[in-house]
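There are 2 protein chains.
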Amino acid sequence: MTTRQRGRPRSFDRLTALEQATMAFWEHGYETTSVSDLTRAMGISAPSLYAAFGDKRTLFEEVVEAYAGSYGAYGGRAFAEEPTARGALGRLLREAADVFTDPSHPRGCLMISAAVNCSTPEVEEALRERRNRNLASFEARIRAGAEAGELPAGTDAGALARFCGAVLQGMSQQARDGATRTELEAVAEIAMLAWPQAGVPVAATGKAPEAGKARETPAGRGA
Amino acid sequence: MTTRQRGRPRSFDRLTALEQATMAFWEHGYETTSVSDLTRAMGISAPSLYAAFGDKRTLFEEVVEAYAGSYGAYGGRAFAEEPTARGALGRLLREAADVFTDPSHPRGCLMISAAVNCSTPEVEEALRERRNRNLASFEARIRAGAEAGELPAGTDAGALARFCGAVLQGMSQQARDGATRTELEAVAEIAMLAWPQAGVPVAATGKAPEAGKARETPAGRGA
DNA sequence: CCAATTCTATAGCGGGCGCTACGCAAAGTG
DNA sequence: CACTTTGCGTAGCGCCCGCTATAGAATTGG
């Protein structure tokens, strides 16, 4: 039935236009990117935009969804492929340093920065919920790691997850403020030094200092 | 000469109005706070605002300056009063957790969040420069601490300063995303665990896991 | 008192915002 | 071909933006 459309075919590629809208929103944020900016970036006129994507807010939601599945997918890959919580979050932070400073697209993270100072509550809330969902997944992974014995029993999974989230968000803003890839990678390495040492109990009452595994990463280097 | 004005006296308190403008900009950011929002918050009409403060941008600059000397002064106090680099930056992060979640004013840090996604380049740049100046002062303090022997000789002052800045900026956004004071204090404590341990060399050739001093803070707790 | 000075209030300027009505262009269907 | 369906382009809607012209109100100096 939908093998072929009835009327005049669309004169632009919808996915390409979506990608160009992504770049615009990524660079300037939701509110600051006007529909006029979007039509210019996408190479189409306003009625075409509205016909293909609904209104500005709906377009942004589609942009965010596509972003999460492409540029923002490194976190999910790290979680899927790394066996330990430390390995997953360390890789997430290190890859974020690369993505946030990749010269082929705007700096930082769209989900972190695009709805800051946004006067449309639904948009602000949608991205906030995504961030808090990510935080919850960090926590779940850390808790699972602790229960599996990778991390000391007293580890506060919620606090450690929030710490990683704060570093990630800080790295995004630092990237937008001009930090280099190397500088952000160093930040990621330092952040991983805050993780509980294998075999070192986290509570002050000092117990069960058994060996555990070795450090996964060398971590502290000069320069 | 200026003991008394010649004409009709101002009918509002300039400092009070400035404070109310600060709250508005702090909550919604530079761009999102309209002049109409400002006049409502300050309780004056537009011509009075322009006569007393110049234009919107000049008012914002005055707001930022006042903010830096009041709500944002905790960093300078920590630097002035704490004898060591670790003490200064640890206190800065801990006090930031309190300020960022103080219920008597908007959450987070105005200098960090108010010019994100701002289409006025001068405003965005002014706050970015302030942040980068703060980062440079972190680095100078850490470098001085390393030269004084507080920290291992190989310590990368720039990277450690940037790490602290990233945590601070991340804490600001987390506060705006709803994190509690207690949660942010835990983030600050964890961040301080990444600092080089006294007596432990920073270079990575994997040795010397000797005891070192006890941790400065217990850090990870349950709940 | 009157004149000069300074602040306040109303009302509105030009312009950009998100969005859309409308008529034409380009395709499929008989 | 005529007819329907759908996308495109122009042009412009109502609204809010930052900002200000103008006139009246409140004060000091003479």
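Going down the list, the sequences are from chains F and L. Each residue of the first sequence is one higher than the one before, counting from 1 in the working numbering. Each residue of the second sequence is one higher than the one before, counting from 224 in the working numbering. All C-beta atoms, glycine included, are put in the ideal place defined by N, C-alpha and C.
For the alpha helix (DSSP H) that contains residue i, what are its first and last residues?
i: N357(L); result: P344 to E370
i: F323(L); result: A308 to F323
i: R181(F); result: R181 to L193
i: Q243(L); result: R237 to H251
i: Q174(F); result: A157 to R176
i: A289(L); result: K279 to G292
i: P329(L); result: Segment: none, P329(L) is in no alpha helix (DSSP H) and carries neither H nor E.
i: T255(L); result: Run containing T255(L): none; DSSP gives neither H nor E here.
i: L49(F); result: A46 to F53
i: E81(F); result: Y74 to E81
Report, in whole angstroms, the separation of the C-beta atoms of residue i and residue j, which I expect to be a contact under 8 Å.
i: F302(L); j: A311(L); result: 5 Å
i: P375(L); j: P306(L); result: About 18 Å separates the two Cβ atoms, so there is no contact after all.
i: Y30(F); j: F60(F); result: 5 Å
i: A417(L); j: A194(F); result: 4 Å
Starting from the C-beta of residue i, find all residues in its chain whose C-beta is less than 6 Å away, skip the five residues before and the five after it, and write them out in chain order.
i: A446(L); result: With a pLDDT of 35 at A446(L), under the threshold of 50, the modelled position of that residue is not reliable, and no figure is offered here.
i: T256(L); result: A247 and F248
i: G298(L); result: L315
i: C341(L); result: Y253, E254 and E347
i: R438(L); result: A caution first: R438(L) carries a pLDDT of 42, below 50, which makes its placement in the model too unreliable to give a value.
Once the 5 residues before and after residue i are set aside, which same chain residues still bring their CB inside 8 Å of it?
i: R317(L); result: E408, A411 and E412
i: R131(F); result: M111, I112, G165 and Q169
i: E406(L); result: Q397
i: T343(L); result: Y253, E254 and R280
i: D260(L); result: A247 and H251
i: A349(L); result: E284, V287 and A338
i: R14(F); result: A52
i: R452(L); result: A query on residue 452(L) cannot be resolved here, the shown segment of chain L reaching from 224 to 446 and no further.
i: A191(F); result: L93, F163, C164 and V167
i: A122(F); result: Going by the sequence as given, residue 122(F) is Glu instead of Ala. Once the five neighbours on either side are set aside, the close Cβ partners of E122(F) are R57.
i: V35(F); result: A46, L49 and K56
i: A308(L); result: R364, I365, A367, G368, A369, E373 and L374
i: R135(F); result: Contrary to the premise, residue 135(F) reads as Leu rather than Arg in this sequence. Within the same chain, L135(F) has close Cβ partners A161, R162 and G165.
i: R128(F); result: A115
Excluding the 5 residues preceding and the 5 following residue i in the sequence, name in chain order all residues of the same chain whose CB lies nearer than 7 Å to its CB.
i: E250(L); result: P329
i: R399(L); result: R330, G331 and S336
i: F361(L); result: L312, A384, C387 and G388
i: L18(F); result: E62, V63 and A66
i: R181(F); result: A97, D98 and T101
i: I44(F); result: F12 and A17
i: A21(F); result: L38, A41, M42, L59 and V63
i: S172(F); result: F100, G108, C109, I112 and S113
i: R300(L); result: none
i: E304(L); result: none
Would you say the beta carbon of residue i is closer than 7 Å to some non-hydrogen atom of the ligand NAP?
i: T22(F); result: Among the components of this structure there are no ligands whatsoever, and the ligand NAP is therefore not found.
*How do the region 94-113 of chain F and the region 64-78 of chain F stand: do at least 3 beta-carbon pairs fall below 8 Å, yes or no?*
Yes: at least three Cβ pairs fall under 8 Å.
_With three or more C-beta pairs closer than 8 Å as the rule, is the region 147-163 of chain F touching the region 357-372 of chain L?_
Using a C-beta cut-off of 8 Å, the region 357-372 of chain L makes no contact with the region 147-163 of chain F, since fewer than three inter-stretch Cβ pairs fall below that distance.
*Output, in sequence order along the chain, the residues in the region 350-380 of chain L whose CB is closer than 7 Å to any CB in chain F.*
Flagged, chain order: R351, R354, N355, G377 and D379.
*Looking at chain L, which residues of the region 185-200 of chain F have a Cβ within less than 7 Å of any of its Cβ atoms?*
Residues A186, V187, I190, A191, L193, A194 and P196.
*asked:* With three or more C-beta pairs closer than 8 Å as the rule, is the region 8-20 of chain F touching the region 47-57 of chain F?
replied: Output reads yes: the region 8-20 of chain F touches the region 47-57 of chain F.
*Taking any Cβ of chain L, which residues in the region 70-87 of chain F have a Cβ under 8 Å from it, in chain order?*
From the region 70-87 of chain F, no residue has a Cβ closer than 8 Å to chain L.
_Output needed in chain order: residues of the region 313-339 of chain L with a Cβ under 9 Å from some Cβ in chain F._
If the cut-off is 9 Å between Cβ atoms, the region 313-339 of chain L has I335, S336, A337, A338 and V339 near chain F.
*Below 7 Å between beta carbons is the criterion; list the residues of the region 261-280 of chain L that meet it against any residue of chain F, in chain order.*
In summary, no residue of the region 261-280 of chain L has a CB separated from any CB of chain F by less than 7 Å.
*Taking Cβ-Cβ distances below 7 Å as the criterion, which residues of the region 6-39 of chain F are in contact with chain L?*
Residues passing the 7 Å Cβ filter: H28, G29, E31 and T32.
*Just by C-beta distance, which residues in the region 160-173 of chain F are closer than 8 Å to chain L?*
Listed by position along the chain: L160, R162, F163, G165, A166, V167, L168, Q169, G170, M171 and Q173.
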